[in-house]
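K.L.:
First, the structure itself, so that you have it in front of you.
Protein chains: 2
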Amino acid sequence: MKIILVGFGAIGKGVAKVLHEKRDYLKKNYGDFKVVAITDSSGSAIDENGLDLIKAIEVKETTGSIKNYPEKGSKMKSIDVIREVKADVVVEITPSNLETGEPAKTHILESFRNKKHVVTANKGPLALCYKELVEEAKKHGVMFRHEASVGGAMPIINLAKETLAGNEILSIRGILNGTTNYILTKMEKEGLDFETALKEAKELGIAETDPTQDIEGLDTAAKIVILANSIMGLEKTIKDVKVKGITKITPEALFLANKRGYTIKLIGQIKENHLIVEPMLVPIDSPLNVKGTLNVAMFETDLAREVVVVGRGAGPIETASAILSDLIHIYTTINTKQKIK
Amino acid sequence: MKIILVGFGAIGKGVAKVLHEKRDYLKKNYGDFKVVAITDSSGSAIDENGLDLIKAIEVKETTGSIKNYPEKGSKMKSIDVIREVKADVVVEITPSNLETGEPAKTHILESFRNKKHVVTANKGPLALCYKELVEEAKKHGVMFRHEASVGGAMPIINLAKETLAGNEILSIRGILNGTTNYILTKMEKEGLDFETALKEAKELGIAETDPTQDIEGLDTAAKIVILANSIMGLEKTIKDVKVKGITKITPEALFLANKRGYTIKLIGQIKENHLIVEPMLVPIDSPLNVKGTLNVAMFETDLAREVVVVGRGAGPIETASAILSDLIHIYTTINTKQKIK
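Just so you know, the protein sequences line up as chains A and B, in that order. Position 210 of the first sequence, counted from 1, bears residue number 210 in UniProt numbering, the numbering being contiguous throughout. Position 148 of the second sequence, counted from 1, bears residue number 148 in UniProt numbering, the numbering being contiguous throughout.
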C-alpha cells in the first residue's frame, strides 16, 4: 500500500518512525506499507519505491525542511503531490486550524477527488464541515478515517462504530483534553492555584506556549463535535457547543468537592442533542475520575449499557498508533476486495 | 443474512430479542438479519423465510422446548440443523463446558465444514482447543468470531485485534468475572465476610447456585486463556494457568489493604508468557479499581501504551450486544466481497 504523508511535524515524524519500526511486522501480518511521498509547508520528497523514513526524519530535524531530502526532495507543494503522486492513501497531519480548517480541508477534498483514501488526525475540517467531507468521500468511493482526531491513542470513534456496532449510542461524556486534566489533577493533589499549575504544565511541555484552546475548552468542544457527528449521526459545528473553560477553578473548589466525595473535571458531554463543555463534579469512585494527562470516555448505549475507555490522549507515537490502526483497516478492506477480483 | 441460533437459554433468547427489536435498524444500516433456525437440546424450529422471534421466545418460555414452535417445530437435532439448513452464520450459545468443550466444539467444527461462519459466546471450546478451531475455520474459508466469550458487552477481543491493530499487546490484566467483583466490593464496603456476601449474591441472582467456577477463579482462568491465544498469539490451555480463588479473602484483609491505599481484586493476568489468576492488591486510584459486577481490562501496548476498558461482563442483552457486533462484522465483510462480484 502506497502512502503520502502530508504534514511532517511531531505527529508526521511519529507516523514515519512507527511505519519504519513496524515494517517487518506489517509485512508479515498484512503487507508492504510504503511511504512514497512526504510533504511539509516548504516542499516535499518523493520516491515511488518508498522513502527512507529514518533519513527523512533526520533531514527534517537538521535542516527544518523535507525538501532537502537528498536527490528526491523538491519544492513541489502538498496539493500537487496529492494530485500527481500515485498512492492509495493520504495521511493528513498538518496543524489543526479550528477557524478555517485549512489547509487540511483542501488537502482532504483533493485526495478524495484523486481517488485516494484519507486518514487524518486533523480536528479542524472535521469540526467545521464533517458532512461535506463524508459525502465527498462517498461520492468518490474512498474511505475516510480519523480515529486519531479525538483522544489520541484512546480507542473511541472506531470503538463506538465498529466494536460496539449495533448499539445505539445514547450519550457520551468524557475528559478529552490531557492538558486540562493534568492541571486539575495537580491543583487537586498539591493545592496549587490555576496559574501555578499551568506554568508547571508549560515547563513540562504538557501545555503549549499558547494554551488558550485547551484551558478555554475549545479543543474539547471540537472533539465532541467530531464525536457527535461521526458516532451519533448529528450535524453539529463548533458553534453549537456551550463552552466553559477551567480558568476560574480554584484549589478551594477542588478541596470542597473532595470533602463531599467528588472531584472537578473538564467534561465534554453529548446528550439529547445538546453539546456541552464545562467543569463538572464527578464522583471520586467514578470511572471518569482518571488522573494526570489521561483521557477517558463513557458511552451510554442501549444494549451494552455503559462502556468506559481510558487511554493516552496525546503524544506523537500514541497518535501514530491510531493512524496506523486506520491504515491497517484500509489495507484489510482493499485486500478483501482484491482477493475476489 | 441467514442465521441459525444453536442454544436457546437466557443468552439465546437475548440474541433473539435483540435481533427482533433491531430488525428495522439493521435493515436500514446493514441488511436483513433473518433467523432461519433455532435449536435447543430438545429439538428445533426451522423456517427459511425467518422465524417469528417473539413467538419463539414465548414457546420456549411456556413449554420449555423450541420444538413446540407451531408447524415449524420438530425433533431435529442441532447437529443436523447445522448440516442441513441453508444459512450464512451459526451462533453457538449452548452452555459452556470447561472440561470437554462439548457440545459446542462439535457444533462449531461442523459449522465450519458446512461453510458456515461462526459467532460464539462459548468459553469451553475456546479455552480447550483454540488453535484447532482457528485452523479449521481458515481451512474452510469462514470467519470465526467470539467477542462475547470474554467480558460480555465489554469490548476486548475485537478492540485489541482491530481497534488497536498494529499495536503489540505486551500484557493484559483485568477483572473478568462480575460475581467475584460483586462479592469483594460488598465485603469491602459493608465489612461482610465471604460467606455472607456470597449468599447475598446468590439471592440477587448474581452468583449461580453452584458458584465454584467463579469463586475458585476457573471462569477467569478460561477467559485469560482465550485472551492469551486470540489476542497475543500464544498457545495456552486452561492447564497452563496458575489459579487461586477468593474464598480465603477476609473483610480484615480488605480493611488493611484500604488503610494503605489499596483494594483487593481477583485479577487475571497475562505477562511474559505466564498466565495467573489470583487476588491481587490494586491501588485505590487505579483504573482497575471498578466496583460491583463491572469488568475491566488493562492492555499494555507498545504504541498506544496503556489502554483500559470497563463494561458489563454478563447479562443476556449485554452478551447479545457483543454477538450482534460480530454478526455485523461478518455481514459487512461478506458484503464488501459481494459488491465486487
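Idealized CB from N, CA, C, for every residue including glycine.
Assign residue 341 of chain A to buried or exposed, taking buried as 16 or more other Cβ atoms, counted over all protein chains shown, within 10 Å of its Cβ.
P.N.:
For residue 341 of chain A, the predicted model reports a pLDDT of 37, less than 50, meaning its position is unreliable; a value from the coordinates is still stated below. The residue in question, residue 341 of chain A, is exposed, as its Cβ has fewer than 16 Cβ neighbours within 10 Å.
K.L.:
Which same chain residues, not among the five before or five after residue 333 of chain A, have their C-beta less than 6 Å away from its C-beta?
P.N.:
Cβ within range, chain order: n/a, list empty.
K.L.:
Mind checking who residue 346 of chain A pairs with in its DSSP beta bridge?
P.N.:
Outside the shown range of chain A (1 to 341) lies residue 346 of chain A, about which nothing can therefore be said.
K.L.:
Per DSSP, what kind of secondary structure is residue 160 of chain A in: helix, strand or coil?
P.N.:
DSSP places residue 160 of chain A in helix when its eight states are reduced to three.
K.L.:
On the DSSP letters alone, give me the boundaries of the alpha helix (DSSP H) that residue 187 of chain B sits inside.
P.N.:
Run containing residue 187 of chain B: 178–190, per the alpha helix (DSSP H) assignment.
K.L.:
At the 7 Å Cβ level, is residue 311 of chain A part of the contact set with chain B, yes or no?
P.N.:
So, interface residue.
K.L.:
So, under 8 Å CB-CB, residue 176 of chain B and residue 265 of chain B are touching, yes? Tell me the CB distance rounded to an integer number of Å.
P.N.:
Contact doesn't hold; Cβ gap of about 11 Å is too wide.
K.L.:
Quick check on the burial criterion: 16 or more other C-beta atoms within 10 angstroms. Buried or exposed for residue 255 of chain A?
P.N.:
Flag for residue 255 of chain A reads exposed.
K.L.:
To the nearest angstrom, how far is the alpha carbon of residue 318 of chain A from that of residue 274 of chain A?
P.N.:
Distance between the alpha carbons of residue 318 of chain A and residue 274 of chain A is about 30 Å.
K.L.:
Could you check if residue 204 of chain B is buried or exposed, using at least 16 other CB atoms within 10 Å of its CB as the buried criterion?
P.N.:
Residue 204 of chain B comes out exposed.
K.L.:
Which residues share a DSSP beta bridge with residue 310 of chain A?
P.N.:
Bridge partners of residue 310 of chain A: A/296 and B/308.
K.L.:
Residues of chain A with CB closer than 9 Å to the CB of residue 173 of chain B, please, in chain order.
P.N.:
In chain order: nothing, as chain A lies at least about 13 Å away.
K.L.:
Look at the alpha carbon of residue 51 of chain B and the alpha carbon of residue 5 of chain B, and state the distance between them as a whole number of angstroms.
P.N.:
Spanning the two alpha carbons is a distance of roughly 11 Å.
K.L.:
Considering just the uninterrupted stretch of the beta strand (DSSP E) at residue 120 of chain B, what are its terminal residues?
P.N.:
Residues 117–120.
K.L.:
Mind listing the chain A neighbours of residue 13 of chain B? Cutoff is C-beta to C-beta under 9 Å, in chain order.
P.N.:
Per Cβ cutoff of 9 Å: no residues; residue 13 of chain B is ~14 Å from chain A at best.
K.L.:
How about residue 127 of chain B and residue 238 of chain B: are their beta carbons less than 7 Å apart?
P.N.:
Result yes, Cβ atoms of residue 127 of chain B and residue 238 of chain B sit closer than 7 Å.
K.L.:
Identify whether residue 250 of chain B lies in helix, strand or coil by the three-state DSSP scheme.
P.N.:
Coil.
K.L.:
Please classify residue 220 of chain A: does DSSP put it in a helix, a strand, or coil?
P.N.:
Residue state, collapsed to three classes: helix.
K.L.:
Determine the chain A residues that contact residue 328 of chain B at a beta-carbon separation under 9 Å, and present them in chain order.
P.N.:
Going along chain A in sequence order, the residues near residue 328 of chain B (Cβ under 9 Å) are 162, 165 and 166.
K.L.:
Taking Cβ-Cβ distances shorter than 9 Å, what residues in chain B pair up with residue 321 of chain A?
P.N.:
The answer, in chain order, is 164, 166, 167, 301, 302, 303, 304 and 305.
K.L.:
Can you check which of these residues, B/32, B/31 and B/46, is closest to residue 38 of chain B by C-alpha distance?
P.N.:
Residue 38 of chain B has its Cα closest to that of B/46, out of B/32, B/31 and B/46.
K.L.:
Can you tell me whether residue 103 of chain B is buried or exposed, with buried defined as 16 or more other CB within 10 angstroms of its CB?
P.N.:
Classification for residue 103 of chain B: buried.
K.L.:
Would you identify the three-state DSSP class for residue 144 of chain B, choosing helix, strand or coil?
P.N.:
Strand, per DSSP.
K.L.:
Cutting at 7 Å between CB atoms, please list the residues of its own chain near residue 323 of chain A, excluding the five before and the five after it.
P.N.:
Excluding residues within five positions, the ones whose Cβ falls inside 7 Å are 15, 91, 119, 121 and 148.
K.L.:
Tell me the DSSP secondary structure of residue 13 of chain A in three-state form.
P.N.:
Helix at residue 13 of chain A.
K.L.:
Judging by CA-CA distance, which residue of A/35, A/166, A/8 and A/34 is the nearest neighbour of residue 41 of chain A?
P.N.:
It is A/8 whose Cα lies nearest to the Cα of residue 41 of chain A.
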